[in-house]
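Structure, as C-alpha cells:
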Amino acid sequence: MWCLAAALLLATAAAPAAAQPVDYALDPTHSSVTFEVLHFDTATIRGRFSLLNGTVQWDRSAGRGRVQVVIDTASVSTGVPVLDALLRRDDLLASGPHPQAFFVAEQFSSGADGAVQAVAGEFTLRGSSRGLRLQAQRFRCYTHPLLRREVCGGDFEATLPRSAFGITHSLPFVADTVRLLVQVEAIRQTP
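Sequence positions in the sequence shown follow mature numbering (1 follows the signal peptide of the UniProt record, and there is no 0) and run -19 to -1, 1 to 172.
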C-alpha cells in the first residue's frame, strides 16, 4: 500500500502543472491600427488610429484566450488635417457620439508551434457590432532585453465593409471595402 501511495505521489509531482492563462497589456507605443480604402479607383487613402489600449489573456498550451482592445476614433490621422476632420464627422466615424471603437475576441487559431495564426471576435464601430477575423501575417514572443519580461506581438490583417457600420458617405467613389492592418505588441504582466 505504501509503495502504491509513493508511486501516485511521484507521478503527480512529475506531471506537468496545468497551464494557466497569462495576462498581457498592449504597449501603446508599439500598437496601432492602420486602414486603407480605394479612392476613385485610382489611389489608396491611408490612415492610422494611434491611440489604443487593451489587454490579452492567453493560455498558450490550450490555444485559448481573450482580447479586448479600445480604439480612440478621434485619433485618426491621414496626414491631411482637412481629411482627418472630415473622418471624425457624424456621417463617417462619428467620433463625437462614438469616441471609441472596440474589438473583443475569444477565438484563437494557433499553429503547431503554438503561434497565433488568427483571432476572431466582434468589432464595434459607431454603435454597430459585426464579426471580424484578424489573420496573423507574423507572430512571435520573446524576452524583451530592457523590460526582462515576455513580449508577444505581430501584424494582423482583415477587411470589412464600412457600409455594415452605417458609413456610406462617398459611396461608390470611395470603396466600401476597408483593409485593416493591425500592429500589436503586448507585455506580459506580473502575476
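Glycine residues also receive a C-beta, built at the ideal position from the N, C-alpha and C atoms.
Residues E17 of the same chain have their beta carbon placed closer than 6 Å to that of R27, with the five preceding and five following residues left out of the count. DSSP places P62 inside the alpha helix (DSSP H), whose first and last residues are P62 to R69.
From the listed residues L19, A139, G108 and C133, the smallest Cα separation to D8 is found for C133.
Here the region 88 to 101 does not lie against the region 53 to 68, with fewer than 3 beta-carbon pairs under 8 Å apart.
Of D4, T23 and S12, the smallest CA-CA separation from T36 is found for D4. Shown here, F30 sits in a strand according to DSSP, grouped into three states. Per DSSP, H79 lies in no beta strand (DSSP E) and is assigned neither H nor E.
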